[in-house]
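**Student:**
Number of protein chains: 2
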Amino acid sequence: AVVTCVPLLCFARVTHGMPDPGQRDLLMLEEAFMQTGGRVALTETEQKLDAHLHQLKEKEMSAALFPPAMHFFKAKPLIQRSPIFRLLQKMPKAALHIHSSALVSVEWLVKNVTYRPHCYICFTWDNSVRFLFSDRQPFPRWDCFYWQLLETLRAKLGDPTGFDNLIQRLTLFTEDPDGEYPNQDVVWQKFEKAFIAAAGLITHAPVLRDYLYRGLVELMLDNVMYLELRSGLSRTYELDGTIHEKVWSLKTFQEVTKRFMSDHPDFLGARIIISVNALSVSEVKAAIKEAIQLQKDFPDVVAGFDMVGREDSGRTLWYFREALSLPADLSVTLPYFFHAGETDEGTDVDQNILDALLFNTTRIGHGYALAHHPLAKAISRKRDVAVELCPISNQVLKLVSDLRNHPAAVLMSEGHPMVISSDDPSLFGTTGLSYDFYEAFTGIGGLKANLGTLKELAVNSIYSSLPAHLKDTGYAMWQNKWNVFVLDHL
Amino acid sequence: AVVTCVPLLCFARVTHGMPDPGQRDLLMLEEAFMQTGGRVALTETEQKLDAHLHQLKEKEMSAALFPPAMHFFKAKPLIQRSPIFRLLQKMPKAALHIHSSALVSVEWLVKNVTYRPHCYICFTWDNSVRFLFSDRQPFPRWDCFYWQLLETLRAKLGDPTGFDNLIQRLTLFTEDPDGEYPNQDVVWQKFEKAFIAAAGLITHAPVLRDYLYRGLVELMLDNVMYLELRSGLSRTYELDGTIHEKVWSLKTFQEVTKRFMSDHPDFLGARIIISVNALSVSEVKAAIKEAIQLQKDFPDVVAGFDMVGREDSGRTLWYFREALSLPADLSVTLPYFFHAGETDEGTDVDQNILDALLFNTTRIGHGYALAHHPLAKAISRKRDVAVELCPISNQVLKLVSDLRNHPAAVLMSEGHPMVISSDDPSLFGTTGLSYDFYEAFTGIGGLKANLGTLKELAVNSIYSSLPAHLKDTGYAMWQNKWNVFVLDHL
Ligand SMILES: [Zn+2]
Ligand SMILES: [Zn+2]
Chain A
4 AVVTCVPLLC FARVTHGMPD PGQRDLLMLE EAFMQTGGRV ALTETEQKLD
54 AHLHQLKEKE MSAALFPPAM HFFKAKPLIQ RSPIFRLLQK MPKAALHIHS
104 SALVSVEWLV KNVTYRPHCY ICFTWDNSVR FLFSDRQPFP RWDCFYWQLL
154 ETLRAKLGDP TGFDNLIQRL TLFTEDPDGE YPNQDVVWQK FEKAFIAAAG
204 LITHAPVLRD YLYRGLVELM LDNVMYLELR SGLSRTYELD GTIHEKVWSL
254 KTFQEVTKRF MSDHPDFLGA RIIISVNALS VSEVKAAIKE AIQLQKDFPD
304 VVAGFDMVGR EDSGRTLWYF REALSLPADL SVTLPYFFHA GETDEGTDVD
354 QNILDALLFN TTRIGHGYAL AHHPLAKAIS RKRDVAVELC PISNQVLKLV
404 SDLRNHPAAV LMSEGHPMVI SSDDPSLFGT TGLSYDFYEA FTGIGGLKAN
454 LGTLKELAVN SIYSSLPAHL KDTGYAMWQN KWNVFVLDHL
Chain B
4 AVVTCVPLLC FARVTHGMPD PGQRDLLMLE EAFMQTGGRV ALTETEQKLD
54 AHLHQLKEKE MSAALFPPAM HFFKAKPLIQ RSPIFRLLQK MPKAALHIHS
104 SALVSVEWLV KNVTYRPHCY ICFTWDNSVR FLFSDRQPFP RWDCFYWQLL
154 ETLRAKLGDP TGFDNLIQRL TLFTEDPDGE YPNQDVVWQK FEKAFIAAAG
204 LITHAPVLRD YLYRGLVELM LDNVMYLELR SGLSRTYELD GTIHEKVWSL
254 KTFQEVTKRF MSDHPDFLGA RIIISVNALS VSEVKAAIKE AIQLQKDFPD
304 VVAGFDMVGR EDSGRTLWYF REALSLPADL SVTLPYFFHA GETDEGTDVD
354 QNILDALLFN TTRIGHGYAL AHHPLAKAIS RKRDVAVELC PISNQVLKLV
404 SDLRNHPAAV LMSEGHPMVI SSDDPSLFGT TGLSYDFYEA FTGIGGLKAN
454 LGTLKELAVN SIYSSLPAHL KDTGYAMWQN KWNVFVLDHL
């Protein structure tokens with residue numbers, strides 16, 4: 004059903020004798036042309052940087068240890084020493100798939116937030132932790148009986164570094180990822196535990212304000228100039244137990260972004276993709292109505308809507324079709340940014356990608372299974388629906404061990420619309436996007452991915468996300484930064 | 004450069020409100036239509052079997068342990084208990100990619116061949132073994148100093164099961180594949196050692212005759228009705244040290260095949276793909292000249308030519324271009340069946356696939372990297388050049404750990420020409436093709452692969468391999484067996 008016609012090939016005849024070396028070169032060129040960034044025309048300066056980059060890449064790819072072939076927890080120190088990684092850190096780019104609860108490094112949470120006054124800690128029976136800021140001794144809860152003031156506990160223990168293990172409880176890091184996470188169920192359990200553990204810190208209203216600002220700082224340090232943050236807009240609490248509704252979080256996000264932009268005039272902005280954990284159809288209906296209202300009230304802040312959670316165990320998008328068709332029924336536009344195809348099951352859940360497209364999703368979160376769905380792939384390409392590739396997330400959550408086998412290698416070789424992101428950086432022990440860019444550029448793209456690939460990926464992240472009235476400004480701003488980046492690395 | 008137009012999509016408009024469930028069904032049908040076997044029209048009886056198969060598949064795919072996600076050495080006992088596997092064993096099919104030195108199960112070699120008289124054994128310094136049949140005490144060799152008559156040694160040791168460890172030395176099997184084979188280099192070393200160890204047994208002239216017959220028996224037990232065997236046509240030796248030239252092996256193969264066919268009238272035949280280990284251009288030239296001559300002398304036996312060895316460390320096909328263009332220069336036809344793209348490197352070696360196509364290869368051995376090369380993929384599809392998919396080989400040789408991530412999943416979803424084979428069954432501890440069919444059908448094809456997929460894969464293996472004058476007979480014979488197979492499983 005797919006009509007494929009490659010121009011050169013249409014005229015290619017069966018060769019006799021030695022194949023024409025000229026034809027071979029042409030075919031190789033033509034194939035390189037198809038990959039992400041293959042049609043990007045590089046300036047002379049860019050070509051020089053590209054040649055340099057190619058040399059660096061050849062060297063790293065022929066080394067005994069190639070980071071994308073290893074688990075990220077073991078690869079991280081190697082990546083940090085890579086000159087390619089350091090170059091990627093300087094590259095201007097945008098982050099379009101990060102979840103708010105995992106935005107800021109756990110080091111900051113532990114070393115800054117948990118040292119604040121009135122911070123209580125409680126150890127749960129299943130070896131997790133809960134935090135709570137309170138101006139009085141908190142009541143016991145079903146999941147946590149004995150709350151201790153962290154300040155007192157720390158003084159008692161004497162050894163402040165003993166609390167380093169707190170950091171590990173808030174991330175997925177372990178020295179032995181394969182042993183400790185034998186399968187997806189185990190790693191997803193730990194994943195959800197870590198989220199719950201951090202929630203008590205992040206949802207304290209004064210902390211959230213600082214947390215969001217700190218998140219933008221960490222992105223800026225990695226030269227990320229724009230952010231679309233997936234957030235459930237949790238309710239937040241004050242020391243005296245006062246609760247703020249969701250809209251407070253949204254206002255705080257708006258206010259923090261404004262402040263950050265006035266402190267850093269070369270930051271382009273940040274928006275929210277409202278993300279709910281899918282439960283019943285009626286709950287999703289309510290969430291969508293709320294999102295429509297919030298988008299109306301905060302048009303500059305709300306980018307759209309998504310549903311999150313583990314697909315394999317959850318409901319399909321089609322199950323929620325009545326809810327998801329609400330905006331169209333009400334003749335309003337609520338852009339969707341669905342997580343879909345974050346699975347290696349090869350089962351019905353894969354169908355989510357097609358459904359996301361049927362509901363006119365703007366981008367596809369992950370789309371891990373897309374390469375195995377030729378029709379969905381064709382539709383996504385035709386409509387320029389980019390997949391949000393998060394390589395480290397896919398590896399840590401055990402979809403693929405050697406990233407050279409990531410199915411996005413197929414998509415990159417065909418120039419499928421794509422952006423790179425980091426999903427849950429704090430849980431995986433990353434900050435910014437450069438670790439993920441490194442894996443995508445060297446491991447998934449292979450030797451043939453080049454500066455044109457990076458340029459297209461970076462441009463995609465800027466150009467495809469911004470609202471129309473910001474596109475030109477954003478692109479111009481990015482282009483300036485890109486030119487400086489190229490010159491700085493010659 | 005690729006013009007893609009999916010008919011339904013060309014007319015698809017952006018949907019408003021709830022997507023039309025009818026359109027969704029159509030799109031899903033259309034995508035299913037694209038996969039391997041998607042366009043195969045099933046008879047009513049076949050549809051019944053297909054429904055049954057689908058149920059079995061759903062059950063196995065939702066079990067706690069899914070064999071394709073595990074290393075084959077651990078998955079094997081699970082696969083043996085699978086009703087899908089037992090069904091695949093009954094399915095009539097052909098084997099187009101097996102190497103002669105790994106054709107017959109090691110159990111047979113140890114329990115039959117090593118018990119023959121005059122069999123000497125020698126343990127090398129690097130913990131490998133050598134065998135030699137001889138009517139007198141063999142001379143010490145550089146790699147083996149102390150030869151013992153196996154009969155004497157066995158009597159001395161008393162415990163015959165103690166020799167079971169011989170079996171392990173001749174295969175890659177280990178209880179702890181990930182620990183024992185930390186990387187590709189280690190597993191390839193063991194791989195080559197196992198080949199060398201078995202060589203002394205197999206190249207003994209009387210053994211070779213029985214070995215080939217036994218190989219056909221083992222295939223027949225798995226309902227493999229046709230074989231294309233890759234063989235270097237080693238020289239063989241007699242008890243008294245007499246050496247037979249390559250042509251003796253070819254004649255023996257011909258004679259054994261004839262005898263087997265008269266013993267088993269429903270066996271279709273067997274041919275040889277002459278395979279050399281690539282060294283210098285002049286050696287390859289000589290090998291090709293010899294292959295041309297052998298093909299002329301044994302047109303019914305010699306199917307074509309291939310080069311073998313580990314690509315990552317070897318020369319590229321393009322390096323041998325002068326040699327490979329010899330047949331065309333001499334205006335003779337020598338079909339090529341190149342191993343190409345058996346690599347996850349993402350480096351220049353990937354280029355071998357394009358070069359194999361430029362040299363008009365008839366099929367591609369493995370083509371592991373093909374999915375990452377959109378132009379080569381288009382050429383291979385247009386010319387109907389099938390890839391020979393050997394999933395267990397790729398997993399054991401560490402290209403991919405979870406077979407659901409095998410890039411052939413992309414090819415299967417697009418209906419790329421493909422056959423399934425077993426590469427080196429004895430080394431991996433398989434016999435026949437059904438283990439590999441199981442992995443391809445459940446792991447790589449996923450839930451959507453169905454009886455049509457199996458039918459197309461089986462037909463491919465029969466129809467695409469036979470010389471023109473045998474095609475109709477072969478296909479008719481296969482169709483009869485297929486009908487019986489379907490009826491037997493209702
Ligand atoms: Zn996500
Ligand atoms: Zn092979």
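Chains A and B are the protein sequences, given in the same order.
Per the numbering used here, residue 4 is the first one in the first sequence, and the count goes up by one each step.
Per the numbering used here, residue 4 is the first one in the second sequence, and the count goes up by one each step.
Where is the CB? At the ideal position from N, CA and C, for every residue including glycine.
Here the structure is a predicted model, which means the values were calculated and not measured.
Between the region 379-398 of chain B and the region 417-431 of chain B, do three or more beta carbon pairs fall short of 8 Å?
**Tutor:** Touching, yes.
**Student:** Is the Cβ-Cβ distance between Leu454/B and Leu45/B less than 8 Å?
**Tutor:** A contact, by the Cβ cut-off of 8 Å.
**Student:** Using the beta carbon as the reference atom, which residues fall closer than 6 Å to any heavy atom of ligand 1, ordered along the chain?
**Tutor:** Qualifying residues, in the order they occur: His100/A, His102/A, His342/A, Gly368/A and Asp426/A.
**Student:** State the DSSP-derived secondary structure class of Phe308/A, mapped to helix, strand or coil.
**Tutor:** Correct three-state label for Phe308/A: strand.
**Student:** Do Leu236/A and Lys497/A come within 8 Å of each other at the CB atom, strictly closer than that value?
**Tutor:** Since the first and last residues shown for chain A are 4 and 493, residue 497/A lies out of range.
**Student:** Determine whether the Cβ of His375/A lies closer than 8 Å to any Cβ atom of chain B.
**Tutor:** So yes, His375/A belongs to the interface.
**Student:** Taking Asp491/A as the reference, which of Arg27/A, Met31/A, Glu49/A and Leu32/A has the closest Cα?
**Tutor:** When only C-alpha atoms are compared, the closest one is Glu49/A.
**Student:** Which residue marks the beginning of the alpha helix (DSSP H) containing Ala208/B, and which one marks its end?
**Tutor:** Ala208 to Leu224 is the span of the alpha helix (DSSP H), which, as asked, contains Ala208/B.
**Student:** Using the C-alpha atoms, what's the distance from Val335/A back to Val17/B?
**Tutor:** Low per-residue confidence applies at Val17/B: pLDDT is 43, beneath 50, and the placement is therefore not dependable, though the value from the model is reported in the following sentence. In a straight line, the C-alpha of Val17/B is about 15 Å away from that of Val335/A.
**Student:** Restricting to runs no shorter than 3 residues, where is the beta strand (DSSP E) found entirely within the region 67-122 of chain B?
**Tutor:** If we require 3 residues or more, the beta strand (DSSP E) runs fully inside the region 67-122 of chain B come out as 96-102.
**Student:** Contact criterion: CB-CB distance below 8 Å. Does Val403/A meet it with respect to chain B?
**Tutor:** At least one chain B Cβ lies under 8 Å of Val403/A.
**Student:** Have a look at Phe341/B, Ser429/B and Thr445/B and flag the residue whose alpha-carbon is nearest the alpha-carbon of Thr319/B.
**Tutor:** If we check each option's Cα against that of Thr319/B, Phe341/B comes out closest.
**Student:** Going along chain B in order, which residues have a C-beta closer than 8 Å to the C-beta of Arg27/A?
**Tutor:** Residues of chain B passing the Cβ test: Trp321, Leu357, Asp358 and Leu361.
**Student:** Along the chain, where does the beta strand (DSSP E) that runs through Ser234/A open and close?
**Tutor:** Start and end: Val227 to Ser234.
**Student:** Does the Cβ-Cβ distance between Trp150/B and Leu135/B come in under 8 Å?
**Tutor:** Their beta carbons are under 8 Å apart, which means Trp150/B touches Leu135/B by this criterion.
**Student:** Going straight from the alpha carbon of Asp138/A to that of Glu442/A, what length do you get?
**Tutor:** If I take the Cα positions, the gap works out to 45 Å.
**Student:** Is it the case that the Cβ atoms of Ile260/B and Gly244/B are separated by a distance below 8 Å?
**Tutor:** It is worth fixing the name first, because residue 260/B is Thr in this sequence and not Ile. Contact flag unset, no.
**Student:** List the whole-angstrom C-beta distance separating Trp481/A from Met310/A, where the pair is believed to meet the contact cut-off of C-beta under 8 Å.
**Tutor:** That pair is no contact at about 30 Å.
**Student:** Suppose you measure from the CA of Ala199/A to the CA of Ile382/A; what does that come to, to the nearest Å?
**Tutor:** With the sequence shown as reference, residue 199/A is identified as Ile, and Ala is not the correct amino acid for it. Straight-line Cα distance between these residues: approximately 37 Å.
**Student:** Pull out every residue of the region 389-421 of chain B whose Cβ sits closer than 9 Å to any Cβ of chain A, in chain order.
**Tutor:** So the close ones are Lys401, Leu402, Val403, Ser404, Asp405, Arg407, Asn408, His409, Pro410, Ala412, Val413, Met415, Ser416, Glu417 and Gly418.
**Student:** Any beta carbon from chain B within less than 8 Å of Ser328/A's own beta carbon?
**Tutor:** Yes, Ser328/A counts as interfacial toward chain B.
**Student:** Compute every distance between the C-beta of Val189/B and the non-hydrogen atoms of ligand 2, then say whether any falls below 7 Å.
**Tutor:** No; taking the cut-off as 7 Å, the Cβ of Val189/B has no heavy atom of ligand 2 nearer than that.
**Student:** Is there contact between the region 67-78 of chain A and the region 398-418 of chain A, where contact requires at least three CB pairs shorter than 8 Å?
**Tutor:** Yes: the two stretches touch, three or more of their Cβ pairs being nearer than 8 Å.
**Student:** Here's the rule: buried if 16 or more other CB atoms are within 10 angstroms of the residue's CB, otherwise exposed. What is Asn226/A?
**Tutor:** Answer is buried; the Cβ neighbour count reaches 16.
**Student:** Taking one C-beta from the region 425-438 of chain A and one from the region 466-473 of chain A each time, how about it: are there three or more such pairs within less than 8 Å?
**Tutor:** Verdict: no, contact absent.
**Student:** Can you list, in chain order, the stretches of the alpha helix (DSSP H) that have 4 or more residues and sit fully within the region 251-312 of chain B?
**Tutor:** Taking only runs of at least 4 residues, the alpha helix (DSSP H) segments lying wholly in the region 251-312 of chain B are 284-300.
**Student:** I need the DSSP call for Thr476/B, collapsed to helix, strand or coil.
**Tutor:** Helix at Thr476/B.
**Student:** For the putative contact between Val413/A and Val413/B, defined by C-beta atoms under 8 Å, what is the C-beta separation to the nearest angstrom?
**Tutor:** Confirmed, Cβ separation roughly 5 Å.
**Student:** Please compile the residues from chain B whose C-beta is within a distance smaller than 7 Å of the C-beta of Pro22/A.
**Tutor:** Ordered by position in chain B, the residues that pass the 7 Å Cβ test against Pro22/A are Leu361 and Phe362.
**Student:** Counting only C-beta atoms, is Asp347/A closer than 8 Å to chain B at any point?
**Tutor:** With 8 Å as the cut-off, Asp347/A counts as an interface residue toward chain B.
**Student:** Alpha carbon to alpha carbon, how far is Gly41/B from Tyr118/B? Give it in angstroms, no decimals.
**Tutor:** Approximately 50 Å between the Cα atoms of the pair.
**Student:** Suppose the cutoff is 6 Å on Cβ atoms and the five residues either side in sequence are ignored; what does the same chain contact list for Leu169/A look like?
**Tutor:** If we look at Leu169/A and ignore the five residues flanking it on each side, its Cβ neighbours are Val113.
**Student:** Would the C-beta of Val311/B count as close to ligand 3, meaning under 7 Å from any of its heavy atoms?
**Tutor:** Here the bound small molecules are ligand 1 and ligand 2; ligand 3 is not part of this structure.
**Student:** Mind listing, in chain order, the continuous alpha helix (DSSP H) runs of no fewer than 4 residues lying wholly within the region 352-410 of chain A?
**Tutor:** The region 352-410 of chain A contains these whole alpha helix (DSSP H) runs: 355-361, 377-385 and 394-399.
**Student:** Check whether the Cβ atoms of Thr434/A and Glu221/A lie closer than 8 Å to each other.
**Tutor:** Yes. Within cutoff.
**Student:** For Ala78/B and chain A, any beta-carbon pair shorter than 8 Å?
**Tutor:** Chain A, which has no Cβ nearer than 8 Å to the Cβ of Ala78/B, makes this no.
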